[in-house]
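So in numbering that gives the first Met the number 0, spot 29 of the sequence shown is number 28, and the numbers just go up one at a time. All remarks here apply to the structure that follows.
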Amino acid sequence: MAKFVVTLRLPDFFDEDFIALIPRHRAFITSLIEENIVESYAISADRTRGWVTINGLNAATVKAVVEQFPLYRFFREVEIDELFVFDSTASRFPRISLN
Numbered sequence: 000m001a002k003f004v005v006t007l008r009l010p011d012f013f014d015e016d017f018i019a020l021i022p023r024h025r026a027f028i029t030s031l032i033e034e035n036i037v038e039s040y041a042i043s044a045d046r047t048r049g050w051v052t053i054n055g056l057n058a059a060t061v062k063a064v065v066e067q068f069p070l071y072r073f074f075r076e077v078e079i080d081e082l083f084v085f086d087s088t089a090s091r092f093p094r095i096s097l098n
C-alpha cells in the first residue's frame, strides 16, 4: 500500500456551518487514524492549510477518502501527492530505557 500526502487549503473565514462540523470532522479523522488509513493529520498555526498522510492503493482511493471528510465542501483546494519516502519517529521502535 502506498502513502500519500494530501494538502488542504482551508477557507479564509470559518462561518458557523464550518465550525459546527469540526467535532464530526475530528471524530471521522480519529476513526481513520484508528483504522490505520490516516497516519498523520496537521493544520497550520494560521489555520489556512492542512496536511494529511494517508495510506491507499492509489490517488483515486485517497481522493475518495478525502471526499468523505465532513469539511470537504469547504476546502478551497485539495492536492494529492504520492510519497516516495515517509519516515517518522512514530514508525520506529520505542527507545529502550534501562531504568
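C-beta: ideal position from N, C-alpha, C; glycine also. Keep in mind that this is a model prediction, so the values were computed, not measured.
Its chain contains F3, V5, I53, G55 and I79 as the residues whose beta carbon lies nearer than 7 Å to that of V61, once the 5 sequence neighbours on both sides are disregarded; these appear in chain order.
Counting only runs of 3 or more residues that sit fully inside the region 3-70, the beta strand (DSSP E) segments are 37-42 and 48-55, in chain order. A contact between stretches requires three or more CB pairs, one per stretch, nearer than 8 Å, and the region 69-76 meets this requirement with the region 8-16. In this structure A41 is in contact with G49, their Cβ atoms being roughly 6 Å apart against a cut-off of 8 Å. With a 10 Å radius around the Cβ and a threshold of 16 neighbouring Cβ atoms, L31 comes out buried. Annotation for D80: the continuous beta strand (DSSP E) segment containing it runs E76 to E81. Taking the CA atoms as reference points, P69 sits about 9 Å from R25.
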